[in-house]
Structures are given as C-alpha cells and as structure tokens.
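To start, the structure itself, in structure tokens.
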Amino acid sequence: MMARDAIKEIMELKSRNEFADSHQFYLRLYSLQELLKNNSNKGHLSEEVFKYIPIALVACMEGLFRSLYAEIIDYGEPYSINVEKFNNSNKKFDYNIVNAIQSKKLTIGEFISHTLSCNNISDIDNNISILLGIKFLHELNNFETQSVFDEQRLINSSFKNNANKILKSVATVFELRHIFCHEFGIKVEINEDFIQEVFSDTKIFLENTTDFIQSKLYPDAPETQTDMNIHAHNEFDKIDIKLEGYINKLINKDFTDMLDFDKDLFKESILKWKKYRESEAEYKSSVVEGGSMQPMIYSMSMHTTTLRKIKELEEDYPDLF
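Per my numbering, residue -14 is the first one in the sequence shown, and the count goes up by one each step.
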C-alpha cells in the first residue's frame, strides 16, 4: 500500500475549505435546513433527500471539529501542550512536515487535527477532553452560556434540558451515515419527522459546542457590533504602540556604523507609509460604507498593515527587535 502524503492531503483539504471558520459551517448547516424544508412531502425524492441529510451532517461535523481542534492547538499554551497526551504512534514528524509548518503552508494544529479520528461522538469527546484538559461532555452538560443573544441562550437551554436525547440523536446520525454510505439500507425505516428531529438535535449540539469552545478560548470576546468595533480599535491601538516603540528605537539609535541608514529618509518613509495604511483601511472598509461594521473593518485593516510593518522591521533589524 502506498504511504499517505499527509501534507498533500491537508493542502487539498484546505483548498476545499476543510479548515474554514464557523461562519462557513453555519452557512452549510442552514443550507441543509432549507433543503429539508423545500423537499417536504415529495414522495420518493424526499426519501432520498432524507438519506442524504445524515451524510451531510457528518461531513459538517468532521469539518467543524477538525477546524476547532486546529484552533485549540494553534491557540498555544496550555492547550498545545496537551497534544502530547494523544497516542503519537501514527503522528510522526518528518522533514517535509516540519518544513511545511516552517514555511507556513500549514499549522501544527492543522496537521494534528488531520490525524485525529472523528468517526463518532466518542472520538469527539475524547479529542476535546484531551485538548482542553477537561471531561468535555460532562462540562458541556453543565455549560451556562454568557451570550447576550436570546437565540444562543435558547440553544444552550435546549441542550441542557435534553442532553441525553440530543447526544443519542448525534450517535444515530453517525450510524445512519455509515449505513447510507456503505449499504443499500433498504430496510432502514426513515421518515420526515425522524430526520427533522435528529437534524435539529445535531444542530443544537454543534452550535452549543461551538459556543462552549469559544467561551474557553476567548472568554471576553465581544458579541454586539458596538463592542466589536471598540475591541478592534483597542487591538489596533495596542499594536500601534508597539510599532511606535520600534520606530523611536530606530530613530534614537546611533547608526554611524551603518552608512546606508538615513534617519531623515526613514522618518519620511514612515509618514508616507502611514498615509498608505490609512488609504488601505479606507478602501477595505468602503465595502460596508455607512454601515455599523465600517469602524471594525477599518481598525482590522489598520491592525493587519501595522503587523506587516512590525514584521518587516524585525526582519530588517534582527539585532534590535
């Protein structure tokens, strides 16, 4: 049997959006919801659509959880250290993998998440329990959302009040997926009410789990647009202060031994760069001009451009920074 090329597999997955953010997951989930709604009472066609739903749900779960595993690992300590607790017999790093990570083709989180099993609810429980250092399903059962949104509070309440039934539905979805992918499944009785129920339960489980993990990684993350605007501006302010410190350090350093460094030209280039930074931010945020998101997009663009300048200075003057 030919050896698996992990890097090639991961790059192909990334090209197909396998490590997409939760926004992409929600789009897929709500597309399935519309599919169910639009194919109600259509005889044999409906039955085939119902058989497809568990298959698509498992694809959603695998994509979402691999993204969440990667996000947890790439978050850094203390979670990245927990990777050592997995059975590492089939997770060996060779030169090609190290080189791919070093060249930023993929992250450590993407590589590790690609090696973890995601075949049933037990796999999910085990993986998240190890990564977060908790008993995942136990804590999920007792999780109290801090969301300000009524819809998320309702999802959280629904899960807590029906946890056993919901987890049983998720297990059923995995079982049905296996049957409909690998067997004819002719004698498996399904109907619209049953599929709607397991779909709804799985949706609640996934949405509540996403909220739970986000609360672990980012407990103070803003939710309202106003709060997000303020947060984005504050994050830019922090990184801009760091850049100003770099600039001042360069301006005040004695560069008599460096004939190619002209302080006046450097200061002029920074002024012109700052105008470019503002122009770039205005351009990026113009897509939502006049909307409540514009300040956030503007600050995020300023933040990104500033980070690039910091990295550039660190590479140009490694002995200073």
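Here a beta-carbon is modelled for each residue, glycine too, at the ideal position from N, C-alpha and C.
Of the candidates Ile106, Glu32 and Ile58, the residue whose Cα lies closest to the Cα of glutamate 160 is Ile106. With respect to isoleucine 282, serine 270 sits close: the two C-beta atoms are nearer than 8 Å. Check the Cα spacing between glutamate 265 and each of Lys153, Thr290 and Gly275: the tightest is with Thr290.
The distance from the Cβ of isoleucine 109 to that of phenylalanine 50 is about 6 Å, consistent with a contact at the 8 Å cut-off. For valine 155, the closest C-alpha among the options Asn237, Thr187, Glu32 and Ser200 is that of Thr187.
Within the same chain, and ignoring the five residues on either side of phenylalanine 190 in sequence, the residues whose Cβ sits closer than 6 Å to its Cβ are Ile151 and Val155. Counting C-beta atoms within 10 angstroms of its own C-beta, leucine 125 has 16 or more neighbours from the protein chains shown and is therefore classed as buried.
In terms of Cβ geometry, valine 183 and threonine 157 form a close pair [threshold 8 Å]. Exclusion of the five residues before and after valine 34 leaves Leu20 and Asn24 as the residues of its chain whose Cβ lies within less than 7 Å of its Cβ.
Shown here, phenylalanine 240 sits in coil according to DSSP, grouped into three states, outside any helix or strand. Looking from the CA of leucine 305, the closest CA among Gly230, Ser98 and Ile224 belongs to Gly230. Around the beta carbon of aspartate 196, a 10 Å sphere encloses 16 or more other beta carbons of the protein chains shown; the residue is thus reported as buried. Restricted to the stretch 194 to 221, not a single alpha helix (DSSP H) segment is unbroken, complete and at least 4 residues in length. Distance from isoleucine 140 to glutamate 192 at the Cβ level is roughly 5 Å; contact confirmed, criterion being Cβ atoms closer than 8 Å. Only exposed fits valine 272, as fewer than 16 other CB atoms lie within 10 angstroms of its CB. A residue is called buried once 16 or more other Cβ atoms fall within 10 Å of its Cβ, and cysteine 166, having fewer, is exposed.
In the displayed model, aspartate 304 falls within coil according to three-state DSSP, outside both helix and strand. Burial state of arginine 293 is exposed, judged by a 10 Å Cβ sphere holding fewer than 16 other Cβ atoms. Annotation: glutamine 131 is outside any alpha helix (DSSP H) and is labelled neither H nor E by DSSP. The C-beta distance from leucine 17 to asparagine 67 rounds to 32 Å, too long to meet the 8 Å contact threshold. For phenylalanine 159, the uninterrupted alpha helix (DSSP H) segment begins and ends at 148 to 167. Distances from the alpha-carbon of aspartate 222 to those of Glu47, Asn233 and Ser284 put Ser284 closest. For lysine 260, the enclosing alpha helix (DSSP H) stretches over residues 248 to 270. If you look at leucine 125, you'll find it in the alpha helix (DSSP H) that goes 121 to 126.
For leucine 298 and aspartate 247, the gap between their C-alpha atoms comes out near 15 Å. Exposed is the label assigned to glutamate 168, since fewer than 16 other Cβ atoms lie within 10 Å of its Cβ. Residue nearest to tyrosine 37 within the set Tyr302, Lys234 and Ile180 is Ile180 (criterion: CA-CA distance).
Around the CB of asparagine 237, fewer than 16 other CB atoms lie within 10 Å, so the residue is classed as exposed.
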